[in-house]
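The listed protein sequences derive, respectively, from chains A and B.
If you use this note's numbering, the first sequence corresponds to residues 3 to 148, in order.
If you use this note's numbering, the second sequence corresponds to residues 3 to 148, in order.
We put the beta carbon where it would ideally sit given N, CA and C, even for glycine.
Step one of this worksheet: look at the structure below.
Number of protein chains: 2
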Amino acid sequence: MARPARPDLAAMMVPLGRSLIAAELPILQSHDLKMWAYIVLLELREEPTRTQAALAQAIGADKTRIIGVLDELAERGLIRRTPDPQDRRARLLAITPAGKRLRDAVQRDIQANEERLLARLAPADRRGFLRGLQFLAELPPEEIAG
Amino acid sequence: MARPARPDLAAMMVPLGRSLIAAELPILQSHDLKMWAYIVLLELREEPTRTQAALAQAIGADKTRIIGVLDELAERGLIRRTPDPQDRRARLLAITPAGKRLRDAVQRDIQANEERLLARLAPADRRGFLRGLQFLAELPPEEIAG
Numbered sequence: 003m004a005r006p007a008r009p010d011l012a013a014m015m016v017p018l019g020r021s022l023i024a025a026e027l028p029i030l031q032s033h034d035l036k037m038w039a040y041i042v043l044l045e046l047r048e049e050p051t052r053t054q055a056a057l058a059q060a061i062g063a064d065k066t067r068i069i070g071v072l073d074e075l076a077e078r079g080l081i082r083r084t085p086d087p088q089d090r091r092a093r094l095l096a097i098t099p100a101g102k103r104l105r106d107a108v109q110r111d112i113q114a115n116e117e118r119l120l121a122r123l124a125p126a127d128r129r130g131f132l133r134g135l136q137f138l139a140e141l142p143p144e145e146i147a148g
Numbered sequence: 003m004a005r006p007a008r009p010d011l012a013a014m015m016v017p018l019g020r021s022l023i024a025a026e027l028p029i030l031q032s033h034d035l036k037m038w039a040y041i042v043l044l045e046l047r048e049e050p051t052r053t054q055a056a057l058a059q060a061i062g063a064d065k066t067r068i069i070g071v072l073d074e075l076a077e078r079g080l081i082r083r084t085p086d087p088q089d090r091r092a093r094l095l096a097i098t099p100a101g102k103r104l105r106d107a108v109q110r111d112i113q114a115n116e117e118r119l120l121a122r123l124a125p126a127d128r129r130g131f132l133r134g135l136q137f138l139a140e141l142p143p144e145e146i147a148g
């Protein structure tokens, strides 16, 4: 049988993902934001809903690692923590207007760099690449494993 | 300004890459091959050319980590090591016919699972996704950073 016409998906995606993360770091730094803090701001909504434990699980972070990140975001007025009326030991989290402004500014800078790369693709490839990537990224991990 | 219409590329690609790696592991195991051994087999050619140091650098592996992997591949007759005529302390590496057969069998299984996922995309998206991914994956990391 002939050899496959393309590299394995993971062999292309893992190093490219690493390079894209590296490209985000100076942008995050220019906004004085750590990667985990950015991920938290992306995850939170305006209505306080998530407990710290649920947030840590949703973003795949260690619960203890996230505490310092949340403390710093709260001190900078980027998130708000309120006691959970259902469970006084738990705290609900929400993003503040200042947090949203910072999150959006960082994301605009990150995606401006990404658009510079995507502009090198033919328009049909750019569209198919983004649609395909978004579809596959939304599949549950267990469907990927088959 | 409006929020971007899509997640950041790295936010989609890094977890998806991780899931694709996880999907490879049982396939590799069914062929009794470790991930690094598979990566070595993908990298080597039939003509002995690479020294162990050059191979380790090419695949981004630690030089000491790779030695045990190469020993095992050589014992199983999947790679061949010959002294470098230019430098008697160095050794050249090549894949054997048995190594090629195993590499191709593993890659066929891995890509069969990937094709199952890609088949869920519309044909134009599948084509654009693969063309876009291959183009971006071949860019030097320093071009990604901008």
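**Span separating the alpha-carbon of residue 144 (chain B) from that of residue 55 (chain B)** = Translated into the one-based positions of the second sequence, residue 144 (chain B) becomes position 142. Translated into the one-based positions of the second sequence, residue 55 (chain B) becomes position 53. Going from the Cα of residue 144 (chain B) to the Cα of residue 55 (chain B) covers about 23 Å.
**Asked** Considering only residues of the same chain and omitting the five flanking positions on each side of residue 53 (chain B), which have a CB-CB separation below 7 Å?
**Response** Counting from 1 along the second sequence, the entry for residue 53 (chain B) is found at position 51. Counting only Cβ-Cβ distances below 7 Å, and skipping sequence neighbours, we find 86, 92, 93 and 94.
**Message:** Let me see if you follow: with CB-CB separation under 9 Å, is residue 121 (chain B) close to chain A or not?
**Reply:** On the second sequence, residue 121 (chain B) is found 119 positions in, with the first residue counted as 1. By this cut-off, residue 121 (chain B) is not an interface position.
**Asked** Closest Cβ-Cβ distance between residue 26 (chain A) and chain B: below 9 Å?
**Response** Numbered from its first residue, the first sequence carries residue 26 (chain A) at position 24. Closer than 9 Å to some Cβ of chain B, the Cβ of residue 26 (chain A) qualifies, so yes.
**Request:** Locate the beta strand (DSSP E) running through residue 47 (chain B), then write down its first and last residues.
**Result:** As a position in the second sequence, residue 47 (chain B) is number 45, starting the count at 1. Here residue 47 (chain B) belongs to no beta strand (DSSP E), and DSSP marks it neither H nor E.
**Asked** Run through DSSP, which three-state label would residue 107 (chain A) get?
**Response** In the first sequence, counting from the first residue as 1, residue 107 (chain A) sits at position 105. It is helical.
**Asked** Does the beta-carbon of residue 21 (chain A) have 16 or more other beta-carbons within 10 angstroms, so that it is buried, or is it exposed?
**Response** Working through the first sequence from its first residue, we reach residue 21 (chain A) at position 19. Under this definition residue 21 (chain A) is a buried residue.
**Item:** Alpha carbon of residue 29 (chain A) to alpha carbon of residue 68 (chain A), nearest angstrom
**Value:** Within the first sequence, the letter at position 27 stands for residue 29 (chain A). Within the first sequence, the letter at position 66 stands for residue 68 (chain A). When rounded, the distance between both Cα atoms is 21 Å.
**Request:** Determine the extent of the beta strand (DSSP E) in which residue 93 (chain A) is found, giving its start and end residues.
**Result:** Within the first sequence, the letter at position 91 stands for residue 93 (chain A). Where residue 93 (chain A) is concerned, the enclosing beta strand (DSSP E) stretches over 89 to 97.
**Prompt:** Got a sec: is the Cβ-Cβ distance from residue 99 (chain A) to anything in chain B below 9 Å?
**Reply:** Counting from one through the first sequence, the residue named residue 99 (chain A) turns up at place 97. Output row for residue 99 (chain A): interface = no.
**Asked** Since residue 129 (chain A) meets chain B, which of its residues come closer than 7 Å, beta carbon to beta carbon?
**Response** Counting from 1 along the first sequence, the entry for residue 129 (chain A) is found at position 127. 130, listed in chain order.
**Prompt:** Any C-beta of chain A sitting closer than 9 Å to the C-beta of residue 32 (chain B)?
**Reply:** Residue mapping note: residue 32 (chain B) aligns to position 30 of the second sequence, counting from 1. Not closer than 9 Å to any Cβ of chain A, the Cβ of residue 32 (chain B) fails to qualify, so no.
**Item:** Buried or exposed by the 16-neighbour rule on C-beta atoms within 10 Å, applied to residue 128 (chain A)
**Value:** Counting from one through the first sequence, the residue named residue 128 (chain A) turns up at place 126. The residue is buried, with at least 16 neighbouring Cβ atoms inside 10 Å.
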